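*Asks:* If you read the protein sequences in the order shown, they are chains A and B.
Per this note's numbering, residue 64 is the first one in the first sequence, and the count goes up by one each step.
Per this note's numbering, residue 18 is the first one in the second sequence, and the count goes up by one each step.
A virtual CB, placed ideally from N, CA and C, is assigned to each residue, including glycine.
Predicted model only: the values in this text are computed from it and were never measured.
Let me begin by handing over the structure; questions about it come next.
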Amino acid sequence: MSVLRIERSFPVSPEKVFAFVTRTEHLLKWWGPEGVSMKEHDLDLSRPGAWSSTLVNSAGALHKMSGEVVTVDPPNSVEFTWGWHDDEDRRGYETRVLFEVRPDGNGGTVFVLTHSGLKDEEAAANHKLGWTSSLRKLEQFPELQP
Amino acid sequence: MIHNTFAALGDATRFAIVEKLLKEGEMPAGSLQDVGSISPPAISRHLKVLREAGIVEQRIDKQRRMYSVRPQAVRSIGEWALDYREFWQTSLDRLETALLQEGDEL
Numbered sequence: 064m065s066v067l068r069i070e071r072s073f074p075v076s077p078e079k080v081f082a083f084v085t086r087t088e089h090l091l092k093w094w095g096p097e098g099v100s101m102k103e104h105d106l107d108l109s110r111p112g113a114w115s116s117t118l119v120n121s122a123g124a125l126h127k128m129s130g131e132v133v134t135v136d137p138p139n140s141v142e143f144t145w146g147w148h149d150d151e152d153r154r155g156y157e158t159r160v161l162f163e164v165r166p167d168g169n170g171g172t173v174f175v176l177t178h179s180g181l182k183d184e185e186a187a188a189n190h191k192l193g194w195t196s197s198l199r200k201l202e203q204f205p206e207l208q209p
Numbered sequence: 018m019i020h021n022t023f024a025a026l027g028d029a030t031r032f033a034i035v036e037k038l039l040k041e042g043e044m045p046a047g048s049l050q051d052v053g054s055i056s057p058p059a060i061s062r063h064l065k066v067l068r069e070a071g072i073v074e075q076r077i078d079k080q081r082r083m084y085s086v087r088p089q090a091v092r093s094i095g096e097w098a099l100d101y102r103e104f105w106q107t108s109l110d111r112l113e114t115a116l117l118q119e120g121d122e123l
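Shown next as structure tokens:
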């Protein structure tokens, strides 16, 4: 098992960052990669309980994920579980995401994302990032669409 | 399983074979020779690797072996390609844009 950790700095207040990473109306502005749109969602990370989202790419392929918000400590952190669903809507193995928000001392915010419980190969990013554009190319063929 | 798929597609000639099969549909091995101008035995070897990785399948049509791409194989790669790191990196780029666009109200 391994861990993915990403840190970003934003020149806005922690309260604002916390709102953007937990509240539905803000999450909808950024959740998911460019070129992918939200098909269905129950995406409120500001309170404990279930969440889910289904993304659809330009070719119509669906990516569904769901989980449970475990702890919310505004404006410092939120933790939730995560599992991808397959084509038959079976939920895969569960991973865990922690968002941490803290002041950087200069009026800005440090945001730290920790995604843990990943299978090792899924954290082997270098192996994979180079592949993405090639695979996109393959994905565009119409006969590959469900 | 997915590792075999990547290993098989990691070769430029095999990637080109898969692309050609996707573009033009099922065909016999002989029609694949213009891919990187290689010899028939080399084509056979590449096709064998692709079959063993589950990317390409073969069917006998009269005397000829016809090759095609298994759609589910490539689809599974595509799904896998939306991995966690990519998901978060691209999402956080958008988060940054959203945060900066909206001034400091709130």
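(1) Evaluate the contact criterion for the region 120-137 of chain A versus the region 82-99 of chain A: three or more CB pairs, one atom per stretch, below 8 Å.
(2) Considering only the beta carbon of each residue, do residue 133/A and residue 112/A sit closer than 7 Å?
(3) From residue 65/A to residue 177/A, what distance separates their C-alpha atoms?
(4) Answer with yes or no whether the minimum CB distance from residue 102/A to chain B is below 7 Å.
(5) Please report how far the alpha carbon of residue 95/A lies from the alpha carbon of residue 103/B, in whole angstroms.
(6) What residue range does the alpha helix (DSSP H) around residue 109/B cover?
(7) Kindly say whether residue 119/A, judged by its beta-carbon, lies nearer than 7 Å to any beta-carbon of chain B.
(8) If you check the beta carbons only, do residue 141/A and residue 162/A fall under 7 Å apart?
(9) Using DSSP with H/G/I as helix, E/B as strand and the rest coil, what is residue 124/A?
(10) Confirm the yes/no value for this check: CB of residue 103/A, any heavy atom of the ligand NAP, distance under 6 Å.
(11) Quick one: is residue 57/B buried, meaning 16 or more other Cβ sit within 10 Å of its Cβ, or exposed?
(12) Kindly indicate which three-state DSSP category residue 106/A falls into: helix, strand or coil?
(13) Comparing alpha-carbon positions, which option in 114/B, 23/B, 105/B and 84/B lies nearest residue 60/B?
(14) So what does DSSP say about residue 190/A, is it helix, strand or coil?
(15) Which bits of chain A does residue 115/B rub up against, with CB to CB less than 8 Å?
(16) My output table needs one value for residue 45/B: the three-state DSSP class, helix, strand or coil.
(17) Using a beta-carbon distance cut-off of less than 9 Å, what residues from the region 69-88 of chain B approach chain A?
(18) Is there a C-beta anywhere in chain B that falls below 7 Å from the one on residue 137/A?
(19) What is the rounded straight-line gap between the Cα of residue 41/B and the Cα of residue 120/A?
(20) Taking Cβ-Cβ distances shorter than 9 Å, what residues in chain A pair up with residue 54/B?
(21) Does residue 31/B pass the burial test, meaning 16 or more other C-beta atoms within 10 Å, or should it be called exposed?
(22) For residue 23/B, which option in 70/B, 109/B and 108/B has the closest C-alpha, if you only look at C-alpha atoms?
(23) Taking 7 Å as the cut-off, decide whether the C-beta atoms of residue 106/A and residue 87/A are in contact.
(24) With H, G and I counted as helix, E and B as strand and the rest as coil, what does DSSP make of residue 166/A?
(25) Determine, using beta carbons only, whether residue 164/A and residue 158/A come nearer to each other than 7 Å.
*Replies:* Put simply:
(1) Verdict: yes, contact present.
(2) At the C-beta level, residue 133/A and residue 112/A stay beyond 7 Å of one another.
(3) Residue 65/A and residue 177/A have their C-alpha atoms roughly 11 Å apart.
(4) Taking 7 Å as the threshold, the shortest C-beta distance from residue 102/A to chain B does not fall below it.
(5) A direct Cα-to-Cα measurement between residue 95/A and residue 103/B gives close to 9 Å.
(6) In this chain, the alpha helix (DSSP H) harbouring residue 109/B covers 101-118.
(7) No - not a single Cβ of chain B is within 7 Å of the one on residue 119/A.
(8) For residue 141/A and residue 162/A, yes; Cβs fall inside 7 Å.
(9) The answer is coil: DSSP assigns residue 124/A none of H, G, I, E or B.
(10) The ligand NAP is absent from the structure shown, which contains no ligands of any kind.
(11) With fewer than 16 other CB atoms across the displayed protein chains lying within 10 angstroms of its CB, residue 57/B is exposed.
(12) Correct three-state label for residue 106/A: coil.
(13) Residue 60/B has its Cα closest to that of 84/B, out of 114/B, 23/B, 105/B and 84/B.
(14) Bear in mind that a pLDDT of 35 at residue 190/A, under 50, signals an unreliable position, so the number given afterwards is only what the model happens to contain. In this structure, residue 190/A counts as helix in the three-state DSSP scheme.
(15) Near residue 115/B (Cβ distances below 8 Å), the residues of chain A are 83, 89, 92 and 93.
(16) In the structure shown, residue 45/B sits in a strand (DSSP, three-state: E or B).
(17) Taking 9 Å as the Cβ-Cβ cut-off against chain A, the residues of the region 69-88 of chain B that qualify are 86 and 88.
(18) Answer no: the Cβ-Cβ gap between residue 137/A and chain B never drops below 7 Å.
(19) If I take the Cα positions, the gap works out to 24 Å.
(20) Correct list: empty, because the minimum Cβ distance to chain A is about 21 Å.
(21) So residue 31/B ends up on the buried side.
(22) Of the candidates 70/B, 109/B and 108/B, the residue whose Cα lies closest to the Cα of residue 23/B is 70/B.
(23) Contact flag set, yes.
(24) Correct three-state label for residue 166/A: strand.
(25) No; because the gap between Cβ atoms is not below 7 Å, this pair is not in contact.
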